[in-house]
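Student:
Residue numbers (the numbering used here): 75 to 349.
1) Taking only the alpha-carbon atoms, compute the straight-line gap between residue 107 and residue 165 and give it to the nearest angstrom.
2) Kindly give me the distance between the Cβ atoms of residue 279 and residue 209, rounded to whole angstroms, as I take these residues to be in contact under 8 Å.
3) Would you report the Cα separation of residue 15 and residue 214, rounded to the nearest angstrom?
4) From the DSSP output, in three-state form, read off residue 324 for me.
5) May I ask which residues mark the beginning and end of the alpha helix (DSSP H) holding residue 396?
6) Please report the straight-line C-alpha distance between residue 220 and residue 250, rounded to a whole angstrom.
7) How many Å lie between residue 202 and residue 329 at the Cα?
8) If I measure Cβ to Cβ from residue 299 and keep anything under 7 Å in the same chain, skipping five residues before and after, which residues do I get?
9) Just verifying my parser: in three-state terms, what is the DSSP assignment at residue 100?
10) Nearest to residue 277 by alpha carbon, out of 187, 217, 304 and 81?
11) Measuring CB to CB, does residue 232 end up less than 8 Å from residue 184?
12) Counting along the chain, where does the beta strand (DSSP E) carrying residue 125 start and finish?
13) So which of 288, 78, 112 and 126 has the shortest CA-CA distance to residue 204?
14) By Cβ distance, which residues of its chain are closer than 6 Å to residue 179, with the 5 residues on each side in sequence left out?
15) For residue 92, report the span of its beta strand (DSSP E) as first-last.
16) Would DSSP call residue 210 helix, strand or coil?
17) Return the chain-ordered list of same chain residues with a C-beta closer than 8 Å to the C-beta of residue 297, the five sequence neighbours on each side being excluded.
18) So what's residue 80 in DSSP terms, helix, strand or just coil?
19) How about the region 95-112 and the region 261-275: do they share at least three Cβ pairs that are nearer than 8 Å?
20) For residue 342, tell me which candidate among 335, 283 and 225 has the shortest Cα-Cα distance.
21) Would you mind stating whether residue 289 and residue 243 have Cβ atoms separated by less than 8 Å?
22) Who are the Cβ neighbours of residue 194 in its own chain at under 6 Å, not counting the five residues just before and after it?
23) Of all the options 332, 317, 177 and 274, which has the alpha carbon lying nearest to the alpha carbon of residue 118?
24) What is the DSSP secondary structure of residue 167, reduced to helix, strand or coil?
25) By Cβ distance below 8 Å, which residues in the same chain neighbour residue 291 in space, the five residues on each side in sequence not counted?
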């Protein structure tokens, strides 16, 4: 896509790699733009089944590149991320940095983050945009913004909702302390501790790619309702999604493949609103 992001797609599985290894994939304005451009391209990728999000080199992402971002704090320029402009909504309900993280939640398919080395500040918030996060035991994570006199503002406050208990999240935000992979998993910042996060994420993505794409996309839509809706909205959404699935071609194929003990041959996912 750009020099900041490497993108490859094979058998419905997209691999998205942050590609600034000499800076531990620290985020500069070009990285923000590349994340959004890549996410928006994948929104319309034919027969996409799953996404693996990872980082090149020694780390997933070390957070903001404070050197390249320093001039923006002076308000000298027209960037969406310069001082005084963050409150402008440029991407639906989000600004550019927020959308660089939340776009992964908005993709119609599961996104699996493989997090190694460090995920600090904005880097952690990018990882939080994924559906699932695989980490090593020695992976280090931090809500580090307080170190720079800031607060999490790249969607992190919304993305941690339902993942981290509020008092524990407050402690992480107020202290900025670094946690390892095991504690991150216990807190809810990570999903599984594994020896090789990228390999684990790729295996999981390929397994997802073998499931009915209609059902997988329906499940992701339902999870968005679960995260944001009330009980009545969740119950109605369950019924609507199931009505769409029952008797459709891919649901029939899932049943037949199971009965005949063979690999299913699914058709591309049907198009639905927010699919």
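The C-beta atom is built at its ideal place from N, Cα and C for all residues, glycine as well.
Tutor: A quick look at the data gives this:
1) When only Cα atoms are considered, residue 107 and residue 165 end up about 12 Å apart.
2) With a Cβ gap of about 16 Å, residue 279 and residue 209 do not count as contacting.
3) With the chain covering only 75 through 349, there is no way to say anything about residue 15.
4) The three-state secondary structure of residue 324, taken from DSSP, is helix.
5) No answer is possible for residue 396: the residues shown for the chain start at 75 and end at 349.
6) Residue 250 has its alpha-carbon roughly 6 Å from the corresponding atom of residue 220.
7) Each residue's alpha carbon lies about 34 Å from the other.
8) Result list for residue 299: 307, 308 and 311, in chain order.
9) Of the three classes helix, strand and coil, the one that applies to residue 100 here is coil, per DSSP.
10) Taking only the C-alpha atoms, the option nearest residue 277 is 187.
11) No, Cβ-Cβ distance for residue 232 and residue 184 is not below 8 Å.
12) 124-129 is the span of the beta strand (DSSP E), which, as asked, contains residue 125.
13) Minimum Cα distance to residue 204 is reached at 126.
14) By the criterion of a C-beta distance shorter than 6 Å, residue 179 is surrounded in its chain by 203, once the five residues flanking it on both sides are discounted.
15) That run of the beta strand (DSSP E) goes 87-92.
16) Looking at residue 210 - three-state DSSP - the assignment turns out to be coil, as it is neither helix nor strand.
17) So the list reads 205, once near-sequence residues are dropped.
18) Reduced to three states, the DSSP call for residue 80 is strand.
19) The region 95-112 makes no contact with the region 261-275: fewer than 3 CB pairs, one atom from each, lie closer than 8 Å.
20) When only C-alpha atoms are compared, the closest one is 283.
21) In this structure, residue 243 does not lie closer than 8 Å to residue 289 by Cβ.
22) Around residue 194: 136, 137, 216 and 218.
23) Looking from the CA of residue 118, the closest CA among 332, 317, 177 and 274 belongs to 177.
24) DSSP places residue 167 in the coil class of the three-state scheme, outside both helix and strand.
25) Shown here for residue 291: same chain residues with a beta carbon closer than 8 Å to its own, the five before and five after excluded, namely 182, 183, 343, 346 and 349 in chain order.
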